[in-house]
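Report on one structure; see the data block that follows.
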Amino acid sequence: KYLRAAKAESPSSQALSQMEALLDSATEIVDVGNRVLNVILNEYAQIVKTGDIELRLKVQVPEELFVTAADLYVIIGNTMDNALEACKDLPHAHRLIDLTLRMHNDVLYYKLVNPYSTETQHLSKDPKRGYGLQNVRKCIQSYTGNMEITRQNGFFTVFIHLNKP
2 KYLRAAKAES
12 PSSQALSQME
22 ALLDSATEIV
32 DVGNRVLNVI
42 LNEYAQIVKT
52 GDIELRLKVQ
62 VPEELFVTAA
72 DLYVIIGNTM
82 DNALEACKDL
92 PHAHRLIDLT
102 LRMHNDVLYY
112 KLVNPYSTET
122 QHLSKDPKRG
132 YGLQNVRKCI
142 QSYTGNMEIT
152 RQNGFFTVFI
162 HLNKP
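Per my numbering, the very first residue in the sequence shown carries number 2; after that it's consecutive.
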């Protein structure tokens, strides 16, 4: 509604027209009750859709979180980008990303599970590769949290918990 009102005030805005077209093309809108997570998860919902990847979301969080928007983007963005890369090497029928995010007491739990090709194991030749998880670790430290990464039976799992300061 706000976007349409802004466009009415400035109909020549190319950015608003592009955003309106993007929203109009979105058939599924993610609403988990948290404004920041809605933005992040809607962005990735559109990306997985274009990559023919199934996205399963299990999100139970309050309207406001103690984690900053920037840290949420770093954590979710980097782990989702890795999951997307892993899924692109798989047959369409096996492309799946399962994300769980929930708050219990003063701890935010995050779990991302995706299959990966055991043949390629994502040995990217990109020299920039690996900085994403380093950035995730830095974010986790500021919440005295922890990250565990496992590879088992063709599935990659990232489990993170963040403690409320």
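Yeah, the Cβ is synthetic: ideal placement off N, Cα and C, and Gly gets one too.
Since the structure is predicted, the reported quantities are computational estimates derived from the model, not experimental observations.
Around the CB of R57, fewer than 16 other CB atoms lie within 10 Å, so the residue is classed as exposed. Unbroken alpha helix (DSSP H) stretches of 4 residues or longer found wholly inside the region 16-87: 36-51, given in chain order. Cβ atoms of N115 and F157 come within 8 angstroms of each other, at about 6 angstroms. Excluding its 5 nearest sequence neighbours in each direction, D32 has C-beta neighbours in its own chain below 8 angstroms: N39, listed in chain order.
Within 10 angstroms of the beta-carbon of G34 lie fewer than 16 other beta-carbons, which makes it exposed. V75 sits away from L163, with the two beta carbons spaced by 8 angstroms or more. Considering only L73, I54, Q61, the residue with the shortest C-alpha distance to H93 is I54.
Collapsing the DSSP output to three states places L134 in a helix. In the DSSP assignment, H93 falls outside any beta strand (DSSP E), carrying neither H nor E. Scanning its chain for C-beta atoms nearer than 8 angstroms, with the 5 sequence neighbours on each side dropped, one finds around N136 the residues V75, N79, in chain order. The Cβ-Cβ distance between Y117 and I161 does not fall below 8 angstroms.
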